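Accompanying notes for the structure given below.
Number of protein chains: 2
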Amino acid sequence: MKLSLITFSALLPSAFALWPLPTGLSTGTTPLRLSKGFDIKIAIPNPPADLVAAVSRAKGFLANDKLQVLVVDRGASSAGAIANAKSLPSLTLSLAATPKGGSVKSISAEAVAPIESRVEGYTLTVPADGSGAVLKANSTLGLFRGLTTFGQLWYDWEGTTYSLSAPIQISDSPAYPYRGFMLDTARNFFPVSDIKRTIDAMSWVKINTLHWHVVDSQSFPLVIPGYTALSQKGAYSASSVYTPSDVKDIVTYAAARGIDVIPEIDTPGHTSVISKAFPEHIACAEAKPWASFANEPPAGQLRLASEATVNFTAGMLKAAAGLFQSQFFSTGGDEINAKRLFVCGSCYTQDNETQASLSSSGKTLTTLLCDLLEKAPSSGEEMVLDNPVKLANDTIVMVWISSADVQAVANTGFRIVHSASDYFYLDCGHGGWVGDFPAGNSWCDPFKTWQHAFVFDPVANLTAEQSERVLGGQSLLWTEQSGPENLDSTTWPRAASTAELFWTGPGGDVQAALPRLHEEVYRFRQRGVAANSLQPEWCALRPGACDLTA
Amino acid sequence: MKLSLITFSALLPSAFALWPLPTGLSTGTTPLRLSKGFDIKIAIPNPPADLVAAVSRAKGFLANDKLQVLVVDRGASSAGAIANAKSLPSLTLSLAATPKGGSVKSISAEAVAPIESRVEGYTLTVPADGSGAVLKANSTLGLFRGLTTFGQLWYDWEGTTYSLSAPIQISDSPAYPYRGFMLDTARNFFPVSDIKRTIDAMSWVKINTLHWHVVDSQSFPLVIPGYTALSQKGAYSASSVYTPSDVKDIVTYAAARGIDVIPEIDTPGHTSVISKAFPEHIACAEAKPWASFANEPPAGQLRLASEATVNFTAGMLKAAAGLFQSQFFSTGGDEINAKRLFVCGSCYTQDNETQASLSSSGKTLTTLLCDLLEKAPSSGEEMVLDNPVKLANDTIVMVWISSADVQAVANTGFRIVHSASDYFYLDCGHGGWVGDFPAGNSWCDPFKTWQHAFVFDPVANLTAEQSERVLGGQSLLWTEQSGPENLDSTTWPRAASTAELFWTGPGGDVQAALPRLHEEVYRFRQRGVAANSLQPEWCALRPGACDLTA
Numbered sequence: 000m001k002l003s004l005i006t007f008s009a010l011l012p013s014a015f016a017l018w019p020l021p022t023g024l025s026t027g028t029t030p031l032r033l034s035k036g037f038d039i040k041i042a043i044p045n046p047p048a049d050l051v052a053a054v055s056r057a058k059g060f061l062a063n064d065k066l067q068v069l070v071v072d073r074g075a076s077s078a079g080a081i082a083n084a085k086s087l088p089s090l091t092l093s094l095a096a097t098p099k100g101g102s103v104k105s106i107s108a109e110a111v112a113p114i115e116s117r118v119e120g121y122t123l124t125v126p127a128d129g130s131g132a133v134l135k136a137n138s139t140l141g142l143f144r145g146l147t148t149f150g151q152l153w154y155d156w157e158g159t160t161y162s163l164s165a166p167i168q169i170s171d172s173p174a175y176p177y178r179g180f181m182l183d184t185a186r187n188f189f190p191v192s193d194i195k196r197t198i199d200a201m202s203w204v205k206i207n208t209l210h211w212h213v214v215d216s217q218s219f220p221l222v223i224p225g226y227t228a229l230s231q232k233g234a235y236s237a238s239s240v241y242t243p244s245d246v247k248d249i250v251t252y253a254a255a256r257g258i259d260v261i262p263e264i265d266t267p268g269h270t271s272v273i274s275k276a277f278p279e280h281i282a283c284a285e286a287k288p289w290a291s292f293a294n295e296p297p298a299g300q301l302r303l304a305s306e307a308t309v310n311f312t313a314g315m316l317k318a319a320a321g322l323f324q325s326q327f328f329s330t331g332g333d334e335i336n337a338k339r340l341f342v343c344g345s346c347y348t349q350d351n352e353t354q355a356s357l358s359s360s361g362k363t364l365t366t367l368l369c370d371l372l373e374k375a376p377s378s379g380e381e382m383v384l385d386n387p388v389k390l391a392n393d394t395i396v397m398v399w400i401s402s403a404d405v406q407a408v409a410n411t412g413f414r415i416v417h418s419a420s421d422y423f424y425l426d427c428g429h430g431g432w433v434g435d436f437p438a439g440n441s442w443c444d445p446f447k448t449w450q451h452a453f454v455f456d457p458v459a460n461l462t463a464e465q466s467e468r469v470l471g472g473q474s475l476l477w478t479e480q481s482g483p484e485n486l487d488s489t490t491w492p493r494a495a496s497t498a499e500l501f502w503t504g505p506g507g508d509v510q511a512a513l514p515r516l517h518e519e520v521y522r523f524r525q526r527g528v529a530a531n532s533l534q535p536e537w538c539a540l541r542p543g544a545c546d547l548t549a
Numbered sequence: 000m001k002l003s004l005i006t007f008s009a010l011l012p013s014a015f016a017l018w019p020l021p022t023g024l025s026t027g028t029t030p031l032r033l034s035k036g037f038d039i040k041i042a043i044p045n046p047p048a049d050l051v052a053a054v055s056r057a058k059g060f061l062a063n064d065k066l067q068v069l070v071v072d073r074g075a076s077s078a079g080a081i082a083n084a085k086s087l088p089s090l091t092l093s094l095a096a097t098p099k100g101g102s103v104k105s106i107s108a109e110a111v112a113p114i115e116s117r118v119e120g121y122t123l124t125v126p127a128d129g130s131g132a133v134l135k136a137n138s139t140l141g142l143f144r145g146l147t148t149f150g151q152l153w154y155d156w157e158g159t160t161y162s163l164s165a166p167i168q169i170s171d172s173p174a175y176p177y178r179g180f181m182l183d184t185a186r187n188f189f190p191v192s193d194i195k196r197t198i199d200a201m202s203w204v205k206i207n208t209l210h211w212h213v214v215d216s217q218s219f220p221l222v223i224p225g226y227t228a229l230s231q232k233g234a235y236s237a238s239s240v241y242t243p244s245d246v247k248d249i250v251t252y253a254a255a256r257g258i259d260v261i262p263e264i265d266t267p268g269h270t271s272v273i274s275k276a277f278p279e280h281i282a283c284a285e286a287k288p289w290a291s292f293a294n295e296p297p298a299g300q301l302r303l304a305s306e307a308t309v310n311f312t313a314g315m316l317k318a319a320a321g322l323f324q325s326q327f328f329s330t331g332g333d334e335i336n337a338k339r340l341f342v343c344g345s346c347y348t349q350d351n352e353t354q355a356s357l358s359s360s361g362k363t364l365t366t367l368l369c370d371l372l373e374k375a376p377s378s379g380e381e382m383v384l385d386n387p388v389k390l391a392n393d394t395i396v397m398v399w400i401s402s403a404d405v406q407a408v409a410n411t412g413f414r415i416v417h418s419a420s421d422y423f424y425l426d427c428g429h430g431g432w433v434g435d436f437p438a439g440n441s442w443c444d445p446f447k448t449w450q451h452a453f454v455f456d457p458v459a460n461l462t463a464e465q466s467e468r469v470l471g472g473q474s475l476l477w478t479e480q481s482g483p484e485n486l487d488s489t490t491w492p493r494a495a496s497t498a499e500l501f502w503t504g505p506g507g508d509v510q511a512a513l514p515r516l517h518e519e520v521y522r523f524r525q526r527g528v529a530a531n532s533l534q535p536e537w538c539a540l541r542p543g544a545c546d547l548t549a
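Quick mapping for you: the protein sequence lines, in order, are chains W and P. Each residue of the first sequence is one higher than the last, beginning at 0 in numbering that gives the first Met the number 0. Each residue of the second sequence is one higher than the last, beginning at 0 in numbering that gives the first Met the number 0.
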């Protein structure tokens with residue numbers, strides 16, 4: 000029995016479909032197969048229902064993945080070794096310590112706990128000698144992460160589920176506590192089934208946050224109790240909505256998969272659609288030419304100078320937040336950052352209501368914005384770099400314009416989530432989409448490849464103290480040019496690349512990672528998610544053969 | 000009753016989902032709906048079975064499209080007008096002239112006739128007064144094109160199929176006889192069902208050629224009688240193949256939809272995979288480093304200096320051609336064009352077999368290539384600009400490297416099909432795909448938008464005489480980074496843009512076209528093809544509102 004320590008940047012055996020790569024991993028070279036009666040046992044009294052369900056799903060994946068190893072013979076040359084391999088009878092899950100108070104928290108509860116308090120680490124031991132495998136963690140959330148890893152250890156050969164790499168010893172925990180994916184359901188609508196399928200896929204690569212950009216200027220699909228006119232008049236159609244029941248379904252589904260759902264309702268910009276139901280609260284609603292007022296059509300932003308509007312907005316945000324269980328709520332603010340302040344200014348300057356309120360109150364736009372944000376029921380807002388907006392100390396700032404802004408934000412003392420357009424925007428590089436402009440380019444050209452995000456350094460140019468404020472990062476899918484039709488193929492596997500960056504930590508090597516990412520793509524497809532091809536299958540079956548230097 | 004002549008560059012009524020736009024079209028403003036008993040009649044004795052089937056499909060689309068008009072109220076404000084509209088009882092198809100010899104040719108037969116002899120024009124009259132509609136053509140192929148147009152005239156409002164634009168008078172015929180789509184099934188494999196769905200979609204926009212790049216260096220999915228070892232050893236898997244029965248199915252399916260299937264088997268480059276079964280015929284098979292021998296891995300090309308290889312290749316191509324019914328067969332040649340000749344040279348110089356044959360025969364590579372091409376059973380090969388290869392006069396040259404090469408090819412006197420990478424490659428702009436190269440860009444950056452192709456001028460810088468040699472053009476999907484997962488969303492609606500360019504002719508205006516293209520996207524989705532979003536739905540429902548100047 001030989002154990003070799005493998006670090007995340009080293010070349011793994013030609014096929015080993017772990018994604019993200021565990022932070023501590025050692026493997027052997029002994030074949031092992033799942034016994035016909037293989038079972039997953041939960042050695043926890045009265046286990047939470049979502050852990051029981053997760054075990055059931057894990058068993059389903061083991062039975063149904065049927066992923067053949069990605070080498071030319073797809074495993075045929077190992078058939079003899081597989082047939083003669085010892086059988087793994089079971090995997091047993093247990094908590095390393097008795098929980099305080101004796102009651103075990105569910106995955107769902109742990110998934111939405113304060114972000115820096117979550118415990119996602121685990122240890123997993125798969126012996127080569129036919130004795131049972133053991134998964135231990137300090138939380139059910141950690142057990143769920145370990146279960147996910149266990150499900151990636153196996154290949155199929157003619158109905159036998161096997162590994163060639165036993166014994167396997169994993170001690171794993173994430174480099175960063177925030178690993179997200181942002182979906183915009185306002186530019187184009189996505190049915191609940193698409194969101195749930197995406198949540199499943201996210202969980203497979205240990206993403207723990209769905210940053211749900213649920214409404215925007217173009218449509219308001221969220222049905223908010225007490226404010227239902229917003230969706231009645233602002234959704235694309237009566238069926239293109241998320242009811243409170245849908246939201247609960249999504250939030251529950253996500254939490255059971257270790258994922259916190261952070262809703263985002265942008266303010267004060269990106270709010271044109273509110274004018275359909277509440278015209279009194281929106282300045283410059285659908286004003287023309289739109290390009291003078293907004294970065295994309297339609298124009299319109301909250302009349303922050305109006306006390307009635309501030310009260311309306313605070314009440315609406317509070318009601319919306321009540322639909323979710325996350326500790327965070329994003330109120331955006333991306334129209335008021337430094338680079339776009341002129342846009343707001345241009346609108347407000349021309350809005351009589353705003354000018355009247357400003358002169359009567361003696362307030363500035365900045366103080367008005369402070370009023371609004373302090374009323375908002377959130378502990379997380381998007382960045383306001385050069386605007387001296389007073390934010391709560393526990394605010395998380397998402398740096399989206401450019402990775403070059405990270406250092407400046409770090410200087411403010413706020414915690415940071417990397418969301419930079421120049422690395423993590425999945426929509427870039429598909430040309431301009433506004434009409435009447437044949438030569439238009441994507442504003443954030445070029446296309447962001449998985450490799451580009453994978454080699455991102457989250458702490459570049461930061462001091463050690465500043466680096467500690469980096470909570471993680473996320474991929475983002477803005478949907479001006481996307482919809483259900485290309486959701487899977489546009490998102491996957493690129494969002495998985497970012498997931499590994501923030502789980503395993505920076506320093507990954509694309510050459511070593513590519514064969515694993517191919518296998519993750521093929522596994523996604525086996526599970527019903529249409530992940531996109533990275534290369535010709537000829538390359539996928541020959542690790543390294545399509546490297547530039549091969 | 001008011002008729003207004005509308006040309007293809009003028010702004011149509013805000014919603015009118017014709018694509019490609021007919022070359023002659025006049026519309027009115029009278030509402031009209033299909034009667035409950037609406038029928039399509041074929042006033043032709045013993046009509047061909049494929050015409051009868053096409054009529055059946057057209058009736059299915061009329062019943063099932065259920066496409067609501069793309070305006071904010073989706074047609075609600077027209078409900079009264081629709082309810083009170085006269086009913087169209089029928090559409091009657093007839094041939095304008097008695098066919099020679101009295102027997103009517105099938106769509107399938109006409110679809111594969113010599114390209115410049117095909118008759119695709121038709122006239123379509125939809126009166127506003129409740130009398131029947133009339134479709135006339137000089138061929139069943141023309142009737143099929145007219146049926147396709149008829150199917151695009153209608154919207155749905157609560158179960159009623161209606162138009163607001165009667166009377167409608169169309170006199171339509173294509174600007175160019177070749178309107179194609181190329182699919183590469185070698186880099187990644189596509190099941191037959193994907194190809195048939197794509198053929199359906201192609202027929203909806205009157206594309207008449209599937210240029211099927213069936214095999215390449217990476218895989219050989221085509222099962223060729225007498226040469227079955229090629230696919231047995233060269234396909235990605237035993238199930239990733241096209242059997243003779245599959246090919247017949249595809250060719251028949253396409254022909255019945257007015258589409259000729261032109262197979263392409265590249266020679267002498269892009270043939271590495273042949274070495275799996277016939278190593279003796281391939282020089283530099285999988286030679287390393289691949290970048291010294293080929294533009295992408297794996298390296299390998301036919302040993303043209305060997306008489307045995309020439310005979311093998313000619314026999315194999317002839318057997319392959321026997322599976323198809325097209326008058327054309329493409330043997331590629333894109334590794335021997337000017338810009339890549341050094342690649343061949345580099346390989347052949349190092350290949351002992353080639354050097355021995357060359358010195359014993361006294362032949363040059365060019366004369367050897369002539370030998371090969373004269374043996375090939377084709378009348379169409381890809382371009383060989385600076386290589387003095389003797390091609391048959393009826394060869395069609397596909398200009399793929401750059402649109403800048405068109406004039407030079409036109410000077411050679413060959414007919415031209417526009418396939419330029421800088422306008423029509425659908426795969427560009429997704430980053431580099433070779434491994435170990437994080438900063439790699441797509442070689443044909445940037446992404447080609449629908450607008451970019453739409454405003455292409457097929458006769459730019461050509462004399463009138465040269466312009467006559469332009470047969471048309473096509474979109475192309477090379478599949479290094481594509482597969483079944485993104486086939487629909489990558490291809491559509493961009494391939495439709497090119498289809499209109501070559502049917503309606505150049506000079507189209509993207510501003511006027513965009514609302515129609517949105518409707519074609521939505522209609523595609525109603526018919527099960529996952530066409531990609533061009534804009535937020537907010538824009539799709541408000542023609543013109545997202546123009547840069549709106």
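We put the beta carbon where it would ideally sit given N, CA and C, even for glycine. The structure presented is a predicted model; accordingly, all values stated were derived computationally and were not measured.
field: Host beta strand (DSSP E) of P/I37 (start-end)
entry: Looking at the sequence itself, residue 37 of chain P is Phe, so the reference to Ile does not match. It spans 24-41 - the beta strand (DSSP E) in which P/F37 sits, taken as one unbroken run.
- request: Report yes if the C-beta distance between W/I415 and W/L470 is below 8 Å; otherwise report no.
  value: yes
field: Simplified DSSP state of P/H517, which is helix, strand or coil
entry: helix
Presumed contact (8 Å Cβ cut-off) between W/P445 and P/N440, rounded CB distance: 7 Å
- prompt: Expressed to the nearest angstrom, what Euclidean distance is found between the alpha-carbon atoms of P/G507 and P/P457?
  reply: Going by the C-alpha atoms only, they are around 12 Å apart.
field: Interface positions of the segment 518-539 of chain P facing chain W (Cβ-Cβ less than 8 Å), listed along the chain
entry: Considering only beta carbons, the part of the segment 518-539 of chain P lying closer than 8 Å to chain W consists of R524, A529, A530, N531, S532, L533, Q534, P535, E536, W537, C538, in chain order.
field: Interface residues of chain W facing P/N187 [CB-CB closer than 7 Å]
entry: S532, P535, E536
message: One question on the structure: do W/V213 and W/I281 come within less than 8 Å of each other, judged by their Cβ atoms?
response: no
task: Can you give me the Cβ contacts of P/I169 inside the same chain, cut-off strictly under 7 Å, excluding the 5 residues immediately before and after it?
output: P21, G23, L24, T122, L123, T148
- prompt: Taking only beta-carbon atoms, is W/Y235 less than 8 Å away from chain P?
  reply: Closer than 8 Å to some Cβ of chain P, the Cβ of W/Y235 qualifies, so yes.
query: The beta strand (DSSP E) spanning W/D426 covers which residue range?
result: Taken as a continuous stretch (DSSP letters only), W/D426 belongs to no beta strand (DSSP E), as it is neither H nor E.
- prompt: Nearest to P/G431 by alpha carbon, out of W/A307, W/H451, W/F423?
  reply: Distances from the alpha-carbon of P/G431 to those of W/A307, W/H451, W/F423 put W/H451 closest.
message: For P/D259, report the span of its beta strand (DSSP E) as first-last.
response: 259-264
- prompt: In three-state terms, what does DSSP make of P/D193?
  reply: In the three-state DSSP reduction, P/D193 falls in the helix class (H, G or I).
query: At least one CB of chain W closer than 8 Å to the CB of P/Q300: is that the case?
result: No, P/Q300 does not count as interfacial toward chain W.
field: Contact set between P/L513 and chain W, taken where Cβ atoms lie within less than 7 Å
entry: G434
- prompt: How about P/D546: is its C-beta nearer than 8 Å to some C-beta of chain W?
  reply: True, the Cβ-Cβ gap to chain W drops below 8 Å.
- prompt: How many angstroms separate the CA atom of W/A328 from the CA atom of P/A495?
  reply: A quick correction: the sequence has Phe, not Ala, at residue 328 of chain W. C-alpha separation (whole angstroms): 42 Å.
- prompt: Span of the beta strand (DSSP E) holding W/Q168?
  reply: 159-171
- prompt: With 16 as the cutoff for other CB atoms within 10 Å, does P/G472 come out buried or exposed?
  reply: buried
- prompt: What's the call for W/D38, buried or exposed, on a 16-neighbour Cβ count within 10 Å?
  reply: exposed
task: Would you mind sorting P/D128 into buried or exposed? The rule is 16 or more other CB atoms within 10 Å of its CB.
output: Classification of P/D128: exposed, given that the 10 Å Cβ count is below 16.
Below-8 Å beta-carbon distance, W/F446 vs any chain P residue: yes
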